[in-house]
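Peer 1: The sequence shown: position 18 = 14 (the working numbering), numbered continuously. Each residue gets a CB set at the ideal place from its N, CA and C atoms; glycine is no exception. The structure presented is a predicted model; accordingly, all values stated were derived computationally and were not measured.
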Amino acid sequence: MNTLSFRTAIHSCILKSLQNKLIRSTFETTNLIQTREYAARKGTRERKKKGKVKVEIQKVGFIPHNQRNREKYLASRPKLKFDDSTMRDPVDDVFVMNYYKWVVYPFQEAVQCHRETHSPEIYNKPDSDLLVTVELNMQGEKKYFIIKYAQ
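What follows is the structure, given as structure tokens:
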């Protein structure tokens, strides 16, 4: 046998085997694809349309940037003022402050108590500073004035 004819015989065998494999693979893939030769069941399209509920988007008016998500921001913000409303009222003059409500004195009485404790008989510092915690609510109604101007 000639070497040239031997090569062509090998090439032809390889080509035939590749073609057979290719044809088989295309037949196998076509079997995987679902094809129908008949109409779909009656009412399937309507049933699918009913299943798809259209979500209506409600349009909201313009909200200024400082009011967007305000409730969420205020809820997540830590409380600055300690809430002792659940604690008991102090019964005596001497008590542990962690377990009872904080005593709030009127201004004149607080100044008088400060003078007594800093008198020459006790601390002997009559000119000492008075440390005061004052809480003011300065929030009022906002009024916007529009000034007319000529161009």
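Out of curiosity, what's the CA-to-CA distance linking Val130 and Arg84?
Peer 2: Taking the straight line joining both Cα atoms gives about 24 Å.
Peer 1: Say the cut is 8 Å; is the CB of Val51 nearer than that to a heavy atom of the ligand MN?
Peer 2: In the structure shown, the ligand MN is absent, as is every other ligand, since no ligand is present at all.
Peer 1: Hey, how far is the Cα of Val99 from the Cα of Val87?
Peer 2: If I take the Cα positions, the gap works out to 11 Å.
Peer 1: Just the Cα atoms here: how many angstroms apart are Arg111 and Asn133?
Peer 2: Computed Cα separation, rounded: 28 Å.
Peer 1: Distance, Cα to Cα, Asn120 vs Lys68?
Peer 2: Approximately 52 Å between the Cα atoms of the pair.
Peer 1: Near Tyr96, which residues of its chain fall below 6 Å by C-beta distance, leaving aside the five closest residues on each side in sequence?
Peer 2: Counting only Cβ-Cβ distances below 6 Å, and skipping sequence neighbours, we find Met83, Arg84, Pro86.
Peer 1: Work out the CA separation of Glu105 and Asp79 for me, nearest whole Å.
Peer 2: Their Cα atoms are separated by approximately 23 Å.
Peer 1: How close, in whole Å, do the beta carbons of His114 and Pro122 come, if the pair is a contact with beta carbons under 8 Å?
Peer 2: At roughly 6 Å, the Cβ-Cβ gap stays under 8 Å, so His114 and Pro122 are in contact.
Peer 1: Express the C-alpha separation of Ser81 and Tyr55 in angstroms, rounding to a whole number.
Peer 2: For the record, residue 55 in the displayed sequence is Lys; it is not Tyr. Cα to Cα, Lys55 sits roughly 42 Å from Ser81.
Peer 1: Of all the alpha helix (DSSP H) runs that stay within the bounds of the region 30 to 56, which reach a length of 4 or more residues?
Peer 2: Listed in chain order, they are 40 to 47.
Peer 1: Hey, could you find the ends of the alpha helix (DSSP H) Glu105 is sitting in?
Peer 2: From DSSP, the alpha helix (DSSP H) with Glu105 extends over 103 to 113.
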